[in-house]
Amino acid sequence: YQEIFKTTEIVKTLSLLRQHSLQHYIHLICLFGAPNGLCSSITECKHIKSIKGPWWHSSRYKGLGQMLVTNQHLNKLTAAQVDFMNRGMLDGTYLSATINALGISKYYIISICSN
339 YQEIFKTTEI VKTLSLLRQH SLQHYIHLIC LFGAPNGLCS SITECKHIKS IKGPWWHSSR
399 YKGLGQMLVT NQHLNKLTAA QVDFMNRGML DGTYLSATIN ALGISKYYII SICSN
């Protein structure tokens, strides 16, 4: 394998370890699956969110169970957020909702606060 790189002068120095690791790529892709064109930073971000984050928050004693519970809670919070957004419950703030309910103009509030 090395001779073609040397004769075409693509690479001046070759790392035998890196070259050897190329032989394992096909086998590892078959075992663990290729990312199918996904950027590795996306999969790393998902790994951090679903594995590393819950591990950091666990006591590390029987951490797998704690991680699963943490992921369940995060999934429920995400589902609640989507539901609240669909119902319009997360639009604006408490203050803006109160001002709208009282029928007060935002310009009136600005004039009071500027004095």
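Just so we're aligned, residue 339 is where the sequence shown starts under the working numbering, counting upward by one. Glycine included, every Cβ here is placed at the ideal spot set by N, Cα and C.
Margin query: On the criterion of 16 or more Cβ atoms from any shown chain inside 10 Å, does proline 373 qualify as buried, or is it exposed?
Written below: No answer about proline 373 holds up, because its pLDDT of 49 lies below 50 and its placement is not dependable.
Next item on the list: Check the C-beta distance from serine 396 over to asparagine 409 and give it rounded, since I have them as a contact under 8 Å.
Entry: Between asparagine 409 and serine 396 the Cβ distance is about 11 Å, and since that is not below 8 Å, they are no contact.
Margin query: By the three-class DSSP mapping on this structure, what secondary structure does threonine 345 have?
Written below: helix
Notebook entry, point to check: What whole-angstrom Cβ distance do leucine 428 and phenylalanine 422 have, given they're in contact under 8 Å?
Noted result: 5 Å
Notebook entry, point to check: What first and last residue would you give for the alpha helix (DSSP H) that runs through lysine 390?
Noted result: Where lysine 390 is concerned, there is no enclosing alpha helix (DSSP H), given that its DSSP letter is neither H nor E.
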